[in-house]
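Numbering (our numbering), first residue to last: 7 to 172. We put the beta carbon where it would ideally sit given N, CA and C, even for glycine. Worksheet: the structure to be examined is printed underneath.
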């Protein structure tokens, strides 16, 4: 059941990431074309910046879920199994705390800026901070899963680049 929910969640985030990237590409292209025609659309730069923040946030979530994010394991890999598991649990606890901090600070920023309007578009500035809450939630959940895996003795080996490319 949880695996199916995770797959559906991953798929939804992948689809949202594709939509965000297409929208960002469209905004950038519109900006370039209208500038070349000497009639620039002023909102394209701001929209592309907002979408870049969302694309980065969604990319972080996907990389974390696939366990392909940057991770330095050189020293931890030399530890005996029990110490390796303990270190992994501590690392995941720190990651979960960081995720909680992102949720807390992101929610505060959204609340503090929801009534401010963007410079060139009629939307709330809170939308630029909203991804922090989403990413924080996913970071906490993924850290709990990976910490649980470490406690259960399941050791995950990060894939090499050739294995990541589908």
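query	result
Touch test, the stretch 83-100 against the stretch 126-139, Cβ-Cβ under 8 Å, three pairs minimum	no
Extent of the continuous alpha helix (DSSP H) run through residue 99	87-119
Whole-angstrom distance between residue 67 and residue 73, CA atom to CA atom	10 Å
Spatial distance of residue 71 from residue 150 (CA atoms)	12 Å
Buried versus exposed, by CB contacts within 10 Å (16 or more), residue 98	buried
Exposed unless 16 or more other CB atoms sit within 10 angstroms - verdict on residue 10	exposed
6 Å CB neighbourhood of residue 100 in its chain, flanking five on each side removed	none
Whole-angstrom distance between residue 61 and residue 55, CA atom to CA atom	10 Å
Assumed close pair residue 95, residue 157 - CB separation to whole angstroms, cut-off 8 Å	6 Å
Best match in 65, 124, 80 for proximity to residue 52 [C-alpha to C-alpha]	124
Nearest-angstrom beta carbon gap, residue 159 and residue 5 [assumed within contact, 8 Å]	Residue 5 is absent from the structure shown; the chain starts at 7 and stops at 172.
Identity of the residue in 103, 134, 118, 133 nearest residue 144 by Cα	103
Of the listed residues 13, 93, 45, 64, nearest to residue 152 (C-alpha basis)	93
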